Amino acid sequence: MAEPKPEEISHPPMDQLQGLEYCIDSNPSWGEAIALGFQHYILALGTAVMIPSFLVPLMGGTDDDKVRVVQTLLFVEGINTLLQTLFGTRLPTVIGGSYAFMVPIISIIHDTTLLNIEDNHMRFLYTMRAVQGALIVASSIQIILGYSQMWAICTRFFSPLGMIPVIALVGFGLFDKGFPVVGRCVEIGIPMLILFIAFSQYLKNFHTKQLPILERFALIISITVIWAYAHLLTASGAYKHRPELTQLNCRTDKANLISSAPWIKIPYPLQWGAPTFDAGHAFGMMAAVLVSLIESTGSYKAAARLASATPPPAHILSRGIGWQGIGILLDGLFGTLTGSTVSVENVGLLGSTRVGSRRVIQISAGFMIFFSILGKFGALFASIPFTIFAAVYCVLFGIVASVGLSFMQFTNMNSMRNLFIIGVALFLGLSVPEYYREYTAKALHGPAHTRAVWFNDFLNTIFFSSPTVALIVAVLLDNTLDYKDSARDRGMPWWANFRTFKGDSRSEEFYSLPFNLNRFFPPS
Numbered sequence: 116m117a118e119p120k121p122e123e124i125s126h127p128p129m130d131q132l133q134g135l136e137y138c139i140d141s142n143p144s145w146g147e148a149i150a151l152g153f154q155h156y157i158l159a160l161g162t163a164v165m166i167p168s169f170l171v172p173l174m175g176g177t178d179d180d181k182v183r184v185v186q187t188l189l190f191v192e193g194i195n196t197l198l199q200t201l202f203g204t205r206l207p208t209v210i211g212g213s214y215a216f217m218v219p220i221i222s223i224i225h226d227t228t229l230l231n232i233e234d235n236h237m238r239f240l241y242t243m244r245a246v247q248g249a250l251i252v253a254s255s256i257q258i259i260l261g262y263s264q265m266w267a268i269c270t271r272f273f274s275p276l277g278m279i280p281v282i283a284l285v286g287f288g289l290f291d292k293g294f295p296v297v298g299r300c301v302e303i304g305i306p307m308l309i310l311f312i313a314f315s316q317y318l319k320n321f322h323t324k325q326l327p328i329l330e331r332f333a334l335i336i337s338i339t340v341i342w343a344y345a346h347l348l349t350a351s352g353a354y355k356h357r358p359e360l361t362q363l364n365c366r367t368d369k370a371n372l373i374s375s376a377p378w379i380k381i382p383y384p385l386q387w388g389a390p391t392f393d394a395g396h397a398f399g400m401m402a403a404v405l406v407s408l409i410e411s412t413g414s415y416k417a418a419a420r421l422a423s424a425t426p427p428p429a430h431i432l433s434r435g436i437g438w439q440g441i442g443i444l445l446d447g448l449f450g451t452l453t454g455s456t457v458s459v460e461n462v463g464l465l466g467s468t469r470v471g472s473r474r475v476i477q478i479s480a481g482f483m484i485f486f487s488i489l490g491k492f493g494a495l496f497a498s499i500p501f502t503i504f505a506a507v508y509c510v511l512f513g514i515v516a517s518v519g520l521s522f523m524q525f526t527n528m529n530s531m532r533n534l535f536i537i538g539v540a541l542f543l544g545l546s547v548p549e550y551y552r553e554y555t556a557k558a559l560h561g562p563a564h565t566r567a568v569w570f571n572d573f574l575n576t577i578f579f580s581s582p583t584v585a586l587i588v589a590v591l592l593d594n595t596l597d598y599k600d601s602a603r604d605r606g607m608p609w610w611a612n613f614r615t616f617k618g619d620s621r622s623e624e625f626y627s628l629p630f631n632l633n634r635f636f637p638p639s
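When you number the sequence shown by my numbering, it's gap-free, plus one each residue, and the end is 639.
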């Protein structure tokens, strides 16, 4: 048998991911784009409903309050997504609610001055205003770091090697939102997981009028089938005598969104009243803004790869962070009850559909705004059981994580130094947040528990985030451990082309501002 040639046993590194049907600046037909945009909107509903559903009852809010918060969050998500795709990084990313803000927001909810308010509705309003004030102040972190280009300077210390664990843990770090939630209602979750994988992978060559309809619309088709199946189980009384928690995760009529939603309601700034400002609350929220910044940086790099674009130059990345800061400011003004970050699941959907078109995401933003105003129709889609979304997350978060691992091709993985950095950063990125989660579940407070509440919130928020821990470990090790003699092993010669806007000729095609605005804001 002939000796295999080197090119037969290895694959050359590629700047842009191959095999995508549509890249960032190519567009499917309008009909297909609208259907794909609606699919991204449906996927974004999972987080948009989950966060208010958890937080609003803790604040003393009613189902009516929960519906208004969901509507407001979706409305601002749509605005932020449009701003980011038009003037920010211009990558096809949905800007959605973030779990990173849960720690400081729960801390605000448990503030004794707010807990002592006896009237539940007034407690809800005052807590909402306190969260708004903290978000407004904390948003200045991303606005300053982004528009001053300070974040662009920070990214000079990032290498392909350092980004591998960060991007990987943007996906892997959300493992608790996947199968642990599917397991709460296996009769819905597992069929959803199997059906989605079958449609998107095994039946992807099924074509209708030259369109791979099952691959392209696997999400919407499988959700429709399983949602109908879940409704059938609910209507037949299958959950009538089951525990309350099972009913909450399985039934299609437990969300109480449709009955509480108004027909038409336009969210507006300061709709909950004037925000209140507290230094301690703002400091805790600043940690969440930093976490959001780091997680979004990893998500932007993953989205660029899944949209078949080159890595975003430092200037573009910083510009996107600045606009994301504006988005968090809007969250505070409107009262969305959480801050903004890149929606990881929607980034994963780019890879699942093989459509990385910017136009599709802009259409999805239109759906978010439209259905947040038409409350009843939006509430209908928002009543999909969260178990169904969790099943999809098992696939989509995995896709994003694998994009992070794909950066290994630009580094020397035969280097013991590189193996050490990646292994330690990945392990600690999973292990440290898991320790914080377990400690908090047992002690009902984080490991940082001093008299300074703002300090506790700051540390607990930082170390609850897998990508943030991975970034701290990977970047520190990568820039201190034999870094002078390992530039090639770290992937720096390849990375150098994408550090500046003019370093690669394709940057102008992917990242230039619309309406010829580059004349007034020339990229560096």
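Glycine residues also receive a C-beta, built at the ideal position from the N, C-alpha and C atoms. Since we're looking at a predicted model, the values are computed, not measured.
Starting from residue i, trace the alpha helix (DSSP H) in both directions and tell me its first and last residue.
i	result
V457	No alpha helix (DSSP H) contains V457, which is instead part of the beta strand (DSSP E) from 455-457.
T349	333-350
M400	394-421
R473	473-488
M307	301-312
G450	Premise fails: G450 is in no alpha helix (DSSP H) and is neither H nor E.
P172	145-173
E615	Note that residue 615 is Thr in the sequence shown here, rather than Glu. Looking at the DSSP string, T615 is not in any alpha helix (DSSP H), and its letter there is neither H nor E.
C365	359-365
A389	Premise fails: A389 is in no alpha helix (DSSP H) and is neither H nor E.
W610	607-611
F294	294-297
S622	621-626
Between the options, which has its C-alpha nearest residue i's C-alpha?
i	options	result
N256	P119, L444, L135	Note on identity: in this sequence residue 256 is Ile, with Asn being the wrong assignment. Considering only alpha carbons, the answer is L444.
S274	D291, N594, D600	N594
L276	E623, Y598, G618	Y598
Y415	K557, P127, M278	M278
S337	I499, G606, G519, D130	I499
L495	I488, L372, V171	L372
S315	V470, H225, R299, G442	V470
S141	I381, G442, P207	P207
W610	P427, Q186, S627	P427
A602	R532, M237, I303	R532
I282	G413, Q477, N231	G413
L632	P127, Q186, I476, G203	G203
N571	N461, I221, A585	I221
L318	A148, S254, L250, E330	E330
G463	H126, Y214, F512	F512
L201	A417, L289, G435	G435
Residue range of the beta strand (DSSP E) that residue i falls in?
i	result
I210	210-212
Measuring only the C-alpha atoms, how far is residue i from residue j?
i	j	result
V590	T583	11 Å
F216	G490	25 Å
E553	S620	48 Å
F522	E410	17 Å
Q439	V404	10 Å
S458	G211	5 Å
P128	N235	58 Å
A540	F272	16 Å
L132	T468	14 Å
V510	V406	24 Å
Y508	P143	25 Å
F239	S375	17 Å
L347	T361	16 Å
L574	P562	9 Å
C138	G437	25 Å
I431	N612	14 Å
Q247	I232	18 Å
N97	G606	One cannot answer for residue 97 here, as it falls past the ends of the chain, which runs 116 to 639.
Could you tell me if the beta carbon of residue i falls within a distance shorter than 7 Å of some heavy atom in the ligand GTP?
i	result
R603	Ligands displayed in this structure: none; no statement on the ligand GTP is therefore possible.
Could you tell me if residue i is buried or exposed, where buried requires 16 or more neighbouring beta carbons within 10 angstroms of its beta carbon?
i	result
E359	exposed
Y156	buried
T270	buried
L544	Looking at the sequence itself, residue 544 is Gly, so the reference to Leu does not match. Flag for G544 reads buried.
L189	buried
G352	exposed
E624	exposed
W569	buried
Q325	exposed
H396	buried
G447	buried
- [ ] Would you mind listing the alpha helix (DSSP H) stretches within the stretch 240-278 that are 4+ residues and don't spill past its ends, in chain order?
- [x] Inside the stretch 240-278, DSSP marks whole alpha helix (DSSP H) runs of 4 or more residues at positions 265-269, from first to last along the chain.
Open item on the list: Quick check for students: name the residue ranges of the alpha helix (DSSP H) that lie wholly in the stretch 505-591, counting only runs of 4 or more.
Closed with: 531-558, 568-578
Task: Whole beta strand (DSSP E) elements within the stretch 174-234, 3-residue minimum - done: 210-212
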